[in-house]
Amino acid sequence: MPRDIQLLIGGEAGQGLVTIGQLLSKALVRAGYEVFVSQSYHSRIRGGHNTYAIRLGEGPFFAPRESIDILVALNAETVELHREQLTGWALLIADSAFDPDLPGTISVPFAELGPEPLWNTAALALLGNILGLSLEPLYQAVEAMLGKKHPEALAENREIMEKSRVWAEAHVPEHDFALAGGSPVADRLLLNGNEAIALGALAGGLKFCAFYPMTPATSIVLELIAHAETMGCVFEQAEDEIAAVNMAIGAAFAGAPSMVATSGGGFALMAEGVSLAAMTETPVLIVVAQRPGPATGMPTRTEQADLEFVLHAGHGEFPRAIFAPGSIEACYQLTQKALALAELSQSPVFLLTDQFLADSARPVAPFDPTAIVPVRAGAEPDTAVTPYQRYRFTDDGLSPRLLPGLSTHLVVADSDEHDEEGHISEDHGVRIGMVEKRLRKFALLQQEAIAPELNGEKGADLLLVCWGSGQGPVQEAVAVLRDAGRSVAMLHFSQVWPLVPAQFLDILQASGKVVCVEGNATGQFARLIQRETCFAMPSRIARYDGLPFTARYILARLEKLIAVEARP
Amino acid sequence: MPRDIQLLIGGEAGQGLVTIGQLLSKALVRAGYEVFVSQSYHSRIRGGHNTYAIRLGEGPFFAPRESIDILVALNAETVELHREQLTGWALLIADSAFDPDLPGTISVPFAELGPEPLWNTAALALLGNILGLSLEPLYQAVEAMLGKKHPEALAENREIMEKSRVWAEAHVPEHDFALAGGSPVADRLLLNGNEAIALGALAGGLKFCAFYPMTPATSIVLELIAHAETMGCVFEQAEDEIAAVNMAIGAAFAGAPSMVATSGGGFALMAEGVSLAAMTETPVLIVVAQRPGPATGMPTRTEQADLEFVLHAGHGEFPRAIFAPGSIEACYQLTQKALALAELSQSPVFLLTDQFLADSARPVAPFDPTAIVPVRAGAEPDTAVTPYQRYRFTDDGLSPRLLPGLSTHLVVADSDEHDEEGHISEDHGVRIGMVEKRLRKFALLQQEAIAPELNGEKGADLLLVCWGSGQGPVQEAVAVLRDAGRSVAMLHFSQVWPLVPAQFLDILQASGKVVCVEGNATGQFARLIQRETCFAMPSRIARYDGLPFTARYILARLEKLIAVEARP
Amino acid sequence: MTSIEDYGKYETAWCPGCGNFGILNALKHALVACELAPHQVLLVSGIGQAAKAPHYLKANVFNGLHGRSLPVAIGAKLANPELTVIAESGDGCMYGEGGNHFLAALRRNLNLTILAHDNRVYALTKGQASPTSEQGFVTKTQPHGAFAASFNPVAVAVTMGASFVARGYAGMPEHLAGLIAQAIKHRGTALVDILQPCVSFNKVNTFQWYKEHCYELADDYDPTDHAQALGTALEFGERIPLGVIYAMEKPLFEEQFAVLKNGPLARQEVSREGLRQVMQGYV
Amino acid sequence: MTSIEDYGKYETAWCPGCGNFGILNALKHALVACELAPHQVLLVSGIGQAAKAPHYLKANVFNGLHGRSLPVAIGAKLANPELTVIAESGDGCMYGEGGNHFLAALRRNLNLTILAHDNRVYALTKGQASPTSEQGFVTKTQPHGAFAASFNPVAVAVTMGASFVARGYAGMPEHLAGLIAQAIKHRGTALVDILQPCVSFNKVNTFQWYKEHCYELADDYDPTDHAQALGTALEFGERIPLGVIYAMEKPLFEEQFAVLKNGPLARQEVSREGLRQVMQGYV
Ligand SMILES: Cc1ncc(C[n+]2csc(CCOP(=O)(O)OP(=O)(O)O)c2C)c(N)n1
Ligand SMILES: Cc1ncc(C[n+]2csc(CCOP(=O)(O)OP(=O)(O)O)c2C)c(N)n1
Ligand code: SF4
Ligand code: SF4
Ligand SMILES: [Mg+2]
Ligand SMILES: [Mg+2]
């Protein structure tokens with residue numbers, strides 16, 4: 005059984021390539037294989053060039069691969085765009101109408117197999133045949149998709165699938181892609197990053213979400229809305245992002261664990277709201293799904309260039325925490341943690357993701373729904389000292405947060421500088437007290453900070469530093485280098501603020517060469533590390549063309565940087 | 005003649021204390037004296053406690069003083085609030101109605117001198133008498149103010165002024181505040197920071213300003229509007245700050261040198277627009293007049309806590325420049341420079357000021373209106389290569405900027421990533437080219453960067469580092485320390501980004517102790533220096549109670565820091 | 648029973664003679680008339696002179712950002728529908744900076760009340776034109792007079808089919824208290840635009856001016872007649888009608904959400920069983 | 648003379664069958680009818696499918712941020728009043744994210760044109776409800792149907808006394824070209840709300856649906872009658888009127904500024920003498 009097959013389906017938006025991909029990956033996961041799904045698409049509804057890539061086999065896989073073993077070309081352009089990536093042993097599935105005349109081409113007479121709307125399922129059956137999957141799990145996936153809404157279409161789908169299998173058995177040339185019989189693993193979830201964030205939010209006790217649609221954040225909200233009724237969540241599409249964040253703050257003030265999700269441009273409009281949350285000490289989770297900027301930039305592509313902006317957004321000074329999950333599991337876990345920390349610290353808390361992670365799917369072990377510890381908003385009213393003061397000075401900066409209307413205590417919150425009761429104050433002594441009270445909460449955030457994860461040995465010759473979605477590709481690059489006998493380690497930050505040097509500075513200092521890998525042009529995280537520790541990382545691997553990191557990309561750059569020989 | 009007299013007029017908003025102060029300072033400046041005017045007020049229209057302070061004498065003065073030599077108390081509260089600040093030799097002018105019974109009190113029977121609306125001019129005459137000014141320049145100031153609008157009121161004002169002088173000659177106790185005969189200096193302008201910014205903008209060629217009112221930025225716009233007709237400027241009060249910045253960008257695109265002026269909260273709403281200006285490479289000047297945050301904070305007070313926000317505002321990556329004038333002259337000069345640099349670099353450029361600088365007035369030598377070099381927007385159409393490409397790739401990143409409608413060339417600007425023509429592009433190669441093109445402009449900004457100013461010797465035992473409005477107070481503290489025989493220098497940054505370490509790092513390294521003085525709680529500039537140079541400045545003097553630095557404040561903190569003996 | 652004393656007495660930062668005093672007074676009386684205790688009420692304001700009002704009576708308060716009272720109010724109401732939520736701010740806040748939220752709020756129809764202290768000027772920032780300033784209103788930022796047409800929030804609200812639209816006047820606090828009480832009791836989003844003299848910055852629309860121009864709608868005026876309401880709403884010049892200009896019943900926005908029938912979200916448990924089902928969907 | 652060819656032909660990123668094609672076509676014809684050369688025209692758009700339109704014809708273009716076409720257009724017009732400025736974007740852009748600018752622009756009355764491609768959905772982000780979506784419009788983000796009342800931009804514009812308000816339909820490009828030409832020629836802010844089928848995300852308001860519901864205003868319809876216009880504007884359901892619904896003459900915003908009589912600001916010198924006088928005021 006081949007260890008690692010990269011399959012790519014390419015075509016125009018609207019040709020249904022996502023459907024083929026989803027059905028196939030679902031079937032593969034159920035059959036016990038590993039997959040890593042990644043997507044690439046244009047900012048348009050029809051046309052353009054989109055791809056759905058599935059890396060599959062023994063895995064586990066944590067990143068896409070650049071070379072392609074099986075290419076499904078739904079149009080001629082796909083062949084042109086990807087021919088360079090084809091491996092020597094690649095198969096190319098294309099309609100006989102535009103037979104590309106490349107070695108490995110399987111020229112399929114789709115028109116003979118059935119009517120055009122069914123070609124997707126035909127391709128699915130063909131792929132199943134090549135991968136050695138039996139028809140049943142594939143058909144079940146089709147059934148699960150169509151079953152409720154279009155039962156009438158089941159029969160014809162079944163028919164074309166069977167036809168296609170027969171055709172494949174007769175026409176597919178010899179190849180080495182048949183998977184060994186997988187052993188089904190029970191209950192694995194096939195999740196992409198945004199789905200995992202949505203699940204994490206629900207598990208964490210989210211009760212309110214306001215949003216304004218923006219790629220690549222919208223799908224988080226779509227997932228939440230799909231489950232809102234089951235989970236008792238309230239949501240609202242706001243008139244703009246300013247309204248969204250202010251609604252979330254209002255809801256959080258009144259006791260609903262709340263979030264917003266947006267991308268850089270929408271977040272820019274929320275900056276004043278961030279400052280409001282900080283001043284009023286209202287917990288709110290702000291998810292920023294990054295895409296390349298500035299301005300509208302490349303709406304459907306990926307980048308990690310909003311770190312410094314998110315870290316400093318909002319006027320005035322106040323503490324915050326920023327999580328940057330690197331895996332599907334981390335998306336789920338850290339969203340819960342972020343919601344809890346927002347409530348605990350009565351502050352805005354951020355989760356930074358990006359289009360790459362948002363659209364990357366992987367099977368994960370099932371999460372235990374009974375193990376969750378959902379946020380409970382506010383303190384118990386009967387614990388409050390009378391007269392109740394929302395902003396009472398305390399040693400740790402945390403004042404008892406009561407919820408308005410849930411007791412006879414009156415809760416007063418103010419965006420102006422305020423006294424302990426929450427009323428406007430222009431007193432300079434009060435001002436000093438309140439500034440220091442708010443900043444004292446930073447200690448809590450530091451204490452709660454998640455240490456970066458060291459993969460490998462402290463003191464390795466080479467240390468690759470990364471954050472957020474860089475984890476998977478860097479991990480793979482590290483594995484390749486290790487296989488080639490190099491002493492190499494990875495330090496991945498899934499929380500990028502606060503940084504607690506005691507958690508990692510010795511690792512940086514103990515390493516031979518340190519290279520920072522991040523998806524932006526100017527090296528924002530490297531600069532932040534330098535600011536906080538004076539540890540300089542002049543060696544950087546940057547990517548800012550809108551595409552995600554891959555092991556190959558990293559290794560090629562590394563080669564330039566330090567003449568590394570090993571390649572994937 | 006006393007070298008240094010601090011006079012403070014205190015009372016409620018609406019009592020007219022600003023009028024007394026302005027008339028007196030105008031008369032003093034015309035008479036050839038030095039003044040430094042500072043103002044403090046509450047966020048309300050009537051009531052509260054406001055002050056107008058004039059430091060006067062030989063000067064020049066660059067900061068207010070905390071102790072008071074002459075207090076004019078328009079109400080009893082003023083006495084209570086300021087009694088601790090009175091020097092041993094202070095005079096206190098108060099209405100006999102609330103005779104405060106303190107040494108030095110001049111209990112004035114205002115009601116006997118004239119009707120209440122005229123008490124301001126009465127107080128003015130009294131003050132003139134104490135300072136040894138003749139009545140004439142004071143009366144001229146009153147005339148200049150009332151002349152056009154209320155000529156009918158002149159006679160009664162003159163009458164009460166004369167009455168008051170007579171009363172003063174009979175009742176003012178002996179004192180040492182009479183100024184020696186000043187020698188009038190021709191044509192000096194009495195300007196506060198915001199007025200100087202407005203003048204600088206006009207001199208720099210500003211043609212368009214859009215704004216939404218926000219303290220302490222509004223007065224910049226008020227000055228501009230007052231002169232708009234004379235200078236041929238177009239202005240508009242926008243419906244919100246988002247509209248303001250987008251209007252400015254639209255106007256700049258179409259060829260009007262443009263600016264916006266706001267404070268932190270309003271600026272937060274402009275963050276997306278900043279990113280737009282960067283992406284479309286549209287020059288725009290953004291003035292941020294800081295006040296204490298977060299959120300609404302203290303609307304009429306001062307702080308320097310928006311540096312990091314302004315430096316990182318806007319999603320995505322792009323170069324920018326940030327000026328932070330420290331004096332009235334610098335407000336005038338740097339606003340011109342900022343406008344010019346915006347056009348030169350086709351980028352957003354920032355000017356950071358704050359309430360302290362905004363409301364501080366000082367006489368300055370006249371500026372030469374013929375020496376200006378106003379911005380000329382856009383390149384000449386006939387220099388353009390055909391087909392014209394707004395975003396042509398060039399070595400320095402600067403593409404020829406034509407203006408729409410002024411030639412038959414078509415100008416296409418886009419907030420999406422775009423090709424050289426300005427049309428939307430999703431090509432990854434183009435993306436890389438455009439990212440790098442935009443970032444190349446940073447070299448120009450570095451090259452144009454203003455070096456920090458070293459006051460004193462390189463290698464001094466003590467170096468005080470400051471930026472923006474910190475200049476005046478720090479300069480005075482340095483002078484005091486020098487008088488006490490200490491080896492001390494000041495390094496003032498009037499441009500805080502880009503930082504060019506070659507311009508200052510050796511100075512930092514050569515100094516004994518380095519202390520960073522800045523008006524925020526977390527040490528933002530110190531952190532930035534560390535980020536850029538790895539030079540750490542753990543010794544900091546911070547202020548975040550909403551009040552400006554004074555030499556006394558700095559020296560007291562320094563004493564704690566390094567046991568300095570000297571005090572002002 | 649709640650009494651007016653329960654709502655407390657505070658020192659204010661307003662100018663003597665300001666129209667805001669009448670509005671504050673009317674609001675307190677309306678709350679008492681609605682038999683609401685302070686802890687049942689949430690006042691949400693923005694920034695401005697008007698927006699300080701919530702600090703001057705006893706209630707739960709969220710004094711947020713300039714222009715943003717409505718989205719905060721909506722969020723709070725959706726988190727706890729049992730709260731009586733009142734968004735209270737100035738004309739600049741509601742119709743200027745917050746104009747987009749105003750439109751969206753009227754379209755939604757949550758059960759909340761909007762009180763706009765409409766002094767037709769930006770007062771706290773010292774007198775710039777607001778959206779409701781008269782054309783030609785001269786200020787330091789509009790030295791030749793405001794050019795833009797004056798915004799008529801009442802007419803726009805009626806046009807949009809808002810479910811309760813009224814105009815009150817700060818100089819008639821009793822009448823105003825009645826309007827506010829009706830607005831609070833109305834099931835839906837209720838707008839009360841309140842004409843408010845600003846003695847410091849609006850020397851045109853003074854108490855005297857309003858006295859000369861305002862009239863109360865006749866007792867037999869039918870606020871459910873949309874066409875008539877539109878005509879009445881557009882009447883704003885020589886004569887200015889006061890009263891409930893338009894009122895109708897519409898479904899409440901919050902009724903979309905079944906979960907809100909169970910009361911405040913803060914008190915609802917997260918269903919592990921629900922979560923299990925949701926997760927199962929990804930298998 | 649300008650011809651339709653001068654405006655070029657481009658490949659688009661739109662779906663085959665989209666209503667945007669008809670609008671693009673109508674716009675080109677209107678520009679030709681107005682005898683404008685491409686370099687005299689500035690198209691300003693936001694972000695969305697509609698907002699891509701300016702990339703598909705020859706003209707000066709500023710394709711800015713989602714929701715912000717109007718302020719950019721206003722700024723540009725105030726910098727160079729000689730430009731023919733057209734703000735063109737989708738319903739989400741104009742009435743959703745940009746709602747506050749829409750209100751403010753109508754109040755100002757600059758000499759510019761607003762073209763709203765009103766497909767009653769957020770198309771580029773894959774089909775969420777927009778302000779003009781019908782109540783009950785089902786999407787993935789509005790699974791129980793849009794709850795909020797549908798925004799009627801035409802009615803609000805007429806209520807506010809905007810100086811030119813029209814409704815067109817993408818399926819009638821010739822009629823639409825006529826409307827757009829009138830809007831461009833109108834001295835003042837001219838709104839053309841353009842009903843636009845979106846074949847991918849709006850399966851309710853289709854070409855067929857519009858065909859069944861739209862009608863052209865009668866030739867003798869008098870667009871200067873405000874009361875009648877208001878009634879006509881509010882008609883939006885079974886029957887939807889197309890044409891110029893309201894039109895009147897009002898002073899132009901830009902006429903406030905004497906300097907603009909001299910043409911583009913970019914070509915005006917800074918007066919040293921003026922500056923000297925200004926400085927003298929501070930002595
Ligand atoms: C984002 C933002 N922009 C501007 C301001 C400054 N500001 C404070 S109050 C105000 C105007 C208030 O006008 P209005 O809402 O009519 O209230 P009023 O003072 O007249 O009662 C403005 C512009 C602010 N606080 N925040
Ligand atoms: C600030 C911001 N928020 C959200 C988006 C995402 N966005 C892009 S287009 C769009 C909706 C477009 O709807 P509409 O204006 O009606 O245009 P259409 O695509 O329907 O033609 C949204 C929400 C964005 N680009 N910027
Ligand atoms: S400025 Fe106007 S609105 Fe504000 S308190 Fe004074 S009178 Fe009232
Ligand atoms: S999604 Fe709709 S609006 Fe966009 S191009 Fe396709 S049909 Fe047109
Ligand atoms: Mg007002
Ligand atoms: Mg649309």
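Residue numbers (my numbering), protein chains in the order written: chain A, 5 to 572; chain B, 5 to 572; chain C, 648 to 930; chain D, 648 to 930. Glycine included, each C-beta is placed from N, C-alpha and C at the ideal position.
Candidates Tyr37(B), Val22(B), Thr23(B): closest to Pro367(B) by CA position: Tyr37(B)
Trp471(B) in three-state terms, based on DSSP: strand
Start-to-end residues for the beta strand (DSSP E) that takes in Glu16(A): 8-17
Beta-carbon proximity list for Arg571(B), same chain, < 8 Å, skipping 5 on both sides: Only weak support exists for where Arg571(B) lies, its pLDDT of 43 falling under 50; the coordinates are left without a value.
Spatial distance of Leu260(B) from His413(B) (CA atoms): The residue asked about is misnamed: residue 260(B) is Ala in this sequence, not Leu. Answer to the nearest angstrom: the Cα atoms are 18 Å apart.
Chain D contact residues for Gly51(B), given Cβ-Cβ distances below 8 Å: Residues of chain D passing the Cβ test: none, with the nearest at roughly 31 Å.
Chain B contact residues for Val439(A), given Cβ-Cβ distances below 7 Å: Ala525, Tyr548
Span separating the alpha-carbon of Pro303(A) from that of Pro296(A): 7 Å
Where Asp73(B) sits in the DSSP three-state scheme: strand
Own chain residues within Cβ distance below 6 Å of Asn799(C), not counting five before or after: Phe883
Sequence-distant residues of its chain with Cβ nearer than 6 Å to Val568(A) (five each side left out): With a pLDDT of 47 at Val568(A), under the threshold of 50, the modelled position of this residue cannot be trusted; read the value that follows with caution. Leu562.
Delimiting residues of the beta strand (DSSP E) encompassing Gln43(B): 38-44
Short CB-CB distance (under 8 Å) between Ser419(B) and chain D: yes
Near ligand 7: Ser777(C) beta-carbon under 7 Å from a heavy atom: Of the ligands one can find in the structure shown, namely ligand 1, ligand 2, ligand 3, ligand 4, ligand 5 and ligand 6, none is ligand 7.
Contact test: Asn934(D) Cβ vs ligand 4 heavy atom, cutoff 7 Å: This structure cannot speak to residue 934(D), because chain D is shown only from 648 to 930.
Asn766(C) Cβ short of 7 Å to ligand 5 heavy atom set: yes
Of the listed residues Gln451(B), Asp420(B), Ala447(B), Ala455(B), nearest to Met438(B) (C-alpha basis): Asp420(B)
Nonlocal neighbours in the same chain, by C-beta distance under 7 Å from Ala796(C), ignoring five residues either side: Gln782
Euclidean distance between Cα positions of Glu916(C) and Leu717(C): 28 Å
Boundaries (first-last residue) of the alpha helix (DSSP H) holding Ser168(B): 158-175
Extent of the continuous beta strand (DSSP E) run through Trp93(B): 90-99
Minimum C-alpha distance to Met648(C) - residue among Asp869(C), Pro685(C), Phe854(C), Leu838(C): Pro685(C)
Ala344(B): CB within 7 Å of a non-hydrogen atom of ligand 5: no
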